Amino acid sequence: MNHRTGHTAQLVQTAETSEVLIYQIGSSGQQLLLDAGVMRRFRKYRQMRWYQKEAGGQLFATLESNRVIIVEATGPRKTDRRTRFGYLPDRAAERQVIVERHAKSLHYIGDWHTHPEQLPQPSHLDLESIAECFRKSKHHLNAFVLVVVGTKRLPDGLSVSIHDGNERLALHPDVRQHLDSDI
Ligand SMILES: [Zn+2]
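According to the working numbering, the residues represented by the sequence shown are 1 to 183, in order.
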């Protein structure tokens, strides 16, 4: 990846930024989509260098009959607690954002954060946290989404899973296609 010329890298970057990731949600017939802006934010905060701390935030989505489209990934914010191997969001600030976004019909659907590892796996604490979040939140969703962003090129470096408070279902990217060809 480091051997590319600047020109080539630019072309790759352009292709990537129009990319949308699609995940099938088990056998439900539903799909989870990550839009290009969300992918850009994930890339921006990947912990590629030793001094970069974990980052993260919330995921907001529009809900269609059989599609959940994540259109915004918030954070990190200055009041989060961030270390090389830990991320604790400012939950009070996050609750406020949930209310603001809800007024715009954007639904809080889960969380994301980075890990300084190539192929990330949610930690035990991550799983406890998302399960608790699901149980405590007032919502009409069947499950919450947890995204962990590793250092490997996306989407390989992404862990995407859904959680219903008890069980975890890991999702795998389906087909890659451009947003404007399908929506
Ligand atoms: Zn974690």
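Each residue gets a CB set at the ideal place from its N, CA and C atoms; glycine is no exception.
These numbers were taken from a predicted model, which means no experiment stands behind them.
query	result
Closer than 5 Å to ligand 1: residues, by C-beta to nearest heavy atom, in chain order	123, 126
Check whether residue 121 and residue 67 have beta carbons under 7 Å apart	no
Residues of its chain near residue 116, where Cβ-Cβ distance is below 6 Å and the 5 sequence neighbours each way are ignored	47
Residue environment, residue 12, which counts as buried when at least 16 other CB atoms sit within 10 Å	Confidence at residue 12 is low in this model, with a pLDDT of 40, below 50, so its placement is unreliable and the value that follows should be read with caution. Exposed, since its Cβ has fewer than 16 Cβ neighbours within 10 Å.
Same chain, Cβ closer than 6 Å to residue 148, five either side skipped, listed in chain order	115, 120, 122, 159
Rounded C-alpha distance that separates residue 38 from residue 102	18 Å
Local Cβ density within 10 Å of residue 74, reported as buried at 16 or more and exposed below that	buried
Residue 125 versus residue 168: straight-line alpha-carbon distance, rounded	14 Å
Of the residues 112, 166, 22, 142, the one placed nearest residue 86, counting alpha carbons only	112
Cα-Cα separation between residue 141 and residue 165, rounded to whole angstroms	11 Å
Per-residue DSSP class, three states only, for residue 7	Because the pLDDT of residue 7 is 39, which lies under 50, any placement of that residue in the model is unreliable, and the question is left without a value.
Alpha-carbon to alpha-carbon, residue 130 and residue 92	16 Å
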